[in-house]
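Enquirer:
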Amino acid sequence: MYVPRLWEKYIENRLRRTGVMSQEQIHVFNVNGGEKYHQLTIPDFVFYSNDAPFMILDAKFKRGWLSAAKTGYLGDLLPDYDKCLRDMVSINGNSAGVIFPTND
5 MYVPRLWEKY IENRLRRTGV MSQEQIHVFN VNGGEKYHQL TIPDFVFYSN DAPFMILDAK
65 FKRGWLSAAK TGYLGDLLPD YDKCLRDMVS INGNSAGVIF PTND
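In the numbering used here, the protein residues as written are 5 to 108.
Below, the structure is given as structure tokens:
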């Protein structure tokens, strides 16, 4: 199995009991139910409160996330960071995050 997918499945199994939705398709720019300007986004995990999404979490299995968390420098990780922010805005959420494995 592809290791990044295995990491996502591990997190999915850990969060399953909390009611977090995984790999949920979210319709963005869906104006009045029409197909015009239709776009889908699929965040790894979506957290809900009172049936409204409020946070997304993206599972990443890439080197560099620990140093990015410590220093604030994203470097090659900027596209992943941008996707988290786009997904957060798409659900009108107030937070987004990345979950990654580490030994630290």
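For glycine and all other residues, C-beta sits at the position ideal for the given N, C-alpha and C.
1) Can you list the alpha helix (DSSP H) stretches of 4 or more residues lying completely in the segment 12–82, in chain order?
2) Taking only the alpha-carbon atoms, compute the straight-line gap between Thr106 and Leu70 and give it to the nearest angstrom.
3) Between which two residues does the beta strand (DSSP E) holding Leu103 run?
4) Roughly how many angstroms lie between the CA atoms of Ser99 and Asp108, to the nearest whole one?
5) Indicate the three-state DSSP secondary structure (helix, strand or coil) for Asp108 in the structure shown.
6) Given this structure, state the Cα-to-Cα distance separating Gly76 from Met59, to the nearest angstrom.
7) Less than 9 Å between the C-beta atoms of Ile15 and Gln29, yes or no?
8) Ile95 CB to nearest chain C CB: under 9 Å?
Expert: Checking against the coordinates, here is how it stands:
1) 69–75
2) 7 Å
3) The question names Leu, but residue 103 is Ile in the sequence shown. Counting along the chain, the beta strand (DSSP E) containing Ile103 begins and ends at Ser99 to Ile103.
4) 24 Å
5) coil
6) 21 Å
7) no
8) Of the chains in the structure shown, none is chain C; there is only one protein chain.
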